[in-house]
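Worksheet: one structure, shown below.
Number of protein chains: 2
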Amino acid sequence: MKRILLTIEYNGKNTCGWQMQAGGLRSVQGELTRALGEVCGHPVRVTGSGRTDGGVHALGQTAHFDTDCAVPPEKFPFALNIVLPPDIKVQAAREVPPRFHARFDVSRKTYRYRYYISRHPRPLLDDFALQVYTPLDAEAMNAAAAFVVGRHDFASFKAEGTEVRDTVRVMTAARVFEPAPGEVWFEISGKGFLYNMVRILAGTLLLVGRRKLPPEAMKEIIEAKDREAAGKTAAAKGLCLVRVDYPEEAFLFK
Amino acid sequence: MKRILLTIEYNGKNTCGWQMQAGGLRSVQGELTRALGEVCGHPVRVTGSGRTDGGVHALGQTAHFDTDCAVPPEKFPFALNIVLPPDIKVQAAREVPPRFHARFDVSRKTYRYRYYISRHPRPLLDDFALQVYTPLDAEAMNAAAAFVVGRHDFASFKAEGTEVRDTVRVMTAARVFEPAPGEVWFEISGKGFLYNMVRILAGTLLLVGRRKLPPEAMKEIIEAKDREAAGKTAAAKGLCLVRVDYPEEAFLFK
């Protein structure tokens, strides 16, 4: 039995998100499970690095599965992509030790949230970024993002109704910048995130960008440990899971 | 009666292209004609700067129409975007003189052709760029593109079966560059283009990028005045009409 780690890119627009759901909505996990069943010739259980919501995209989602089929690990992307739909494609595959776990072993995840400034919806951006009608102060947003870096209790950025005991997380990097005129990107890296945390951070940064809040408000919002203190949950379509990293040790066989 | 010039952004993926066609395929011109009829309250004839094929995108297509309705020119984007589909949205509108013509008055058009390098299809790029499996020599492509600038007979880059007497066109700029790792863009500006010319140039540049042809071959291919000498017509999805320019005089009322 071999354990294989996949890297997957997907456009989340026409999916219900990562996780398989009863009732037949198309999920990334479901499509991968079906494709792997066809390629491996036996039922396969797919374990992702974590869920993404419907509409959220991924450049580098990861997932592992076990198989005893004869397909060489490096051939899985080619074999799977033949049977996967156009909006979900495997970019890489490698064999990992049997103890490797796509979720438990994560050392860092990096997300990107994209905003675009336009008075009118832009068809070439609107599936991938949130429309904002007036200019954003990206410098102020970047100053606010700096308060997020480090070990904090992110209870203010936890979706209501989710059950997590420990809301302390460590963010290793967070920045806001303008990659092109009229576009603003928020990028954040950390070992783990609360459910909807990046989207609530993105919604809060939006208030700073619109100068409804000063950058320092981010510090106070964190300290409040109250979901009511933060901004709205920004739309799913602006979010992308850019990459998932693992420590080198996780890949060592022996 | 007022003449209004619109600037339109669209995702060409799920359209048959700019031009209305018998048989009900969804076209950009058709959607605009329908939307303008609803907004103006009378039938409207929409004249574009030129056609784009199905699958081709536009950041700044232009089109004019005449109306005597009471909608102020600057309100047309808002009024039209309410009734237009998500993949076609008007970005700007202005009143122009009655003699203005969206096609005949064009002083410059700028197109972009995008390639991406990847062994596997990339869902977040594949609607907007052509997948190339191995690295491209963007410097060589840029050197080849330089031969296109100036006044030339572009008969080698004319789609077979099209009837045009004069195949001489003037290109004012052409360059190839890497805007991000793994992406190559070809941008070209000129006063007018032959049907499929940019896509045939893009297919020919691909041969240079793959080092199947040296950059100087572009000069010989132009001189050959023979469609057989050039490369294949590159896929529509990689092409985008970036902008359409007019001389300032065209906007003068007097």
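Chain order of the listed sequences is A and B. Counting in my numbering, the first sequence runs from 1 upward without gaps. Counting in my numbering, the second sequence runs from 1001 upward without gaps. The beta-carbon is built from N, C-alpha and C at its ideal position, and this holds for glycine as well.
- Sequence-distant partners of alanine 143(A) (beyond 5 residues in either direction) whose C-beta falls short of 7 Å from its own C-beta, in its chain, are Pro215.
- Taking a C-beta distance under 9 Å as the contact criterion, isoleucine 117(A) and threonine 67(A) do not qualify as a contact pair.
- Uninterrupted beta strand (DSSP E) stretches at least 3 residues long and entirely within the segment 1146-1223 of chain B occur at 1150-1153, 1168-1180, 1183-1190, given in chain order.
- Under the Cβ criterion of 9 Å, phenylalanine 1065(B) is not counted among the residues facing chain A.
- Leucine 1036(B) and valine 1044(B) have their C-alpha atoms roughly 6 Å apart.
- In this structure, DSSP gives alanine 1070(B) a state outside helix and strand, which the three-state scheme calls coil.
- At a cut-off of 9 Å between C-beta atoms, arginine 122(A) counts as an interface residue with respect to chain B.
- By the CB criterion at 9 Å, tyrosine 1246(B) and phenylalanine 1193(B) fall outside the cutoff.
- Checking the DSSP bridge columns, you'll see alanine 1058(B) partnered with Tyr1010(B), Leu1241(B).
- DSSP places arginine 34(A) inside the alpha helix (DSSP H), whose first and last residues are 28-40.
- Taking a C-beta distance under 9 Å as the contact criterion, leucine 59(A) and leucine 32(A) do not qualify as a contact pair.
- By the Cβ test, the segment 1015-1032 of chain B is not in contact with the segment 1070-1077 of chain B, since fewer than three Cβ pairs between them sit closer than 8 Å.
- The C-alpha of valine 106(A) lies about 7 Å from the C-alpha of lysine 191(A).
- For alanine 1079(B), the uninterrupted alpha helix (DSSP H) run begins and ends at 1076-1083, by DSSP.
- Interface with chain B (9 Å Cβ-Cβ cutoff): isoleucine 4(A) is excluded.
- Of the candidates Pro97(A), Val71(A), Ala217(A), Leu80(A), the residue whose Cα lies closest to the Cα of glutamate 249(A) is Pro97(A).
- Taking 9 Å as the cut-off, the beta carbon of arginine 175(A) is found closer than this to the beta carbon of glutamate 187(A).
- Around the CB of glycine 1041(B), fewer than 16 other CB atoms lie within 10 Å, so the residue is classed as exposed.
- With a threshold of 16 other beta carbon atoms within 10 Å, valine 83(A) falls short and is exposed.
- When secondary structure is reduced to three states using DSSP, alanine 250(A) falls in the helix class.
- If you ignore the 5 residues before and after glycine 55(A), its C-beta comes within less than 7 Å of the C-beta of Gly12, Lys13, Ala236, Lys237, all in its own chain and listed in chain order.
- Leucine 1125(B) places its beta carbon 9 Å or farther from that of tyrosine 10(A).
- Contact annotation for glutamine 29(A) against chain B: no contact, minimum CB-CB distance about 15 Å [criterion: below 7 Å].
- In the structure shown, alanine 129(A) falls within a coil segment according to DSSP collapsed to helix, strand and coil.
- With contacts defined as CB atoms closer than 9 Å, arginine 1114(B) and leucine 1130(B) qualify as a contacting pair.
- In chain order, Tyr1010, Val1028, Glu1031 place their CB closer than 6 Å to the CB of isoleucine 1088(B), counting only its own chain and leaving out the 5 sequence neighbours on each side.
- Pairing threonine 233(A) with isoleucine 221(A) gives a Cβ-Cβ distance that is not under 9 Å.
- Of all residues in the segment 1083-1106 of chain B, only Pro1086, Asp1087, Ile1088, Lys1089, Val1090, Gln1091 come within less than 7 Å of chain A when Cβ atoms are compared, listed by chain position.
- Listed in chain order, the non-local C-beta contacts of aspartate 53(A) below 6 Å within the same chain comprise Gly17, Ala236, local neighbours out to five positions each way being set aside.
- Cβ-Cβ distances below 8 Å link glutamate 178(A) to Ala138, Val184, Trp185 in the same chain, with the five nearest sequence neighbours on each side left out; the list follows chain order.
- Residues of chain A with a Cβ closer than 7 Å to the Cβ of glutamate 1009(B) are, in chain order, Arg122, Pro123, Leu124.
- Think of a sphere of 9 Å around the beta carbon of leucine 205(A): no beta carbon from chain B falls inside it, the nearest being about 23 Å out.
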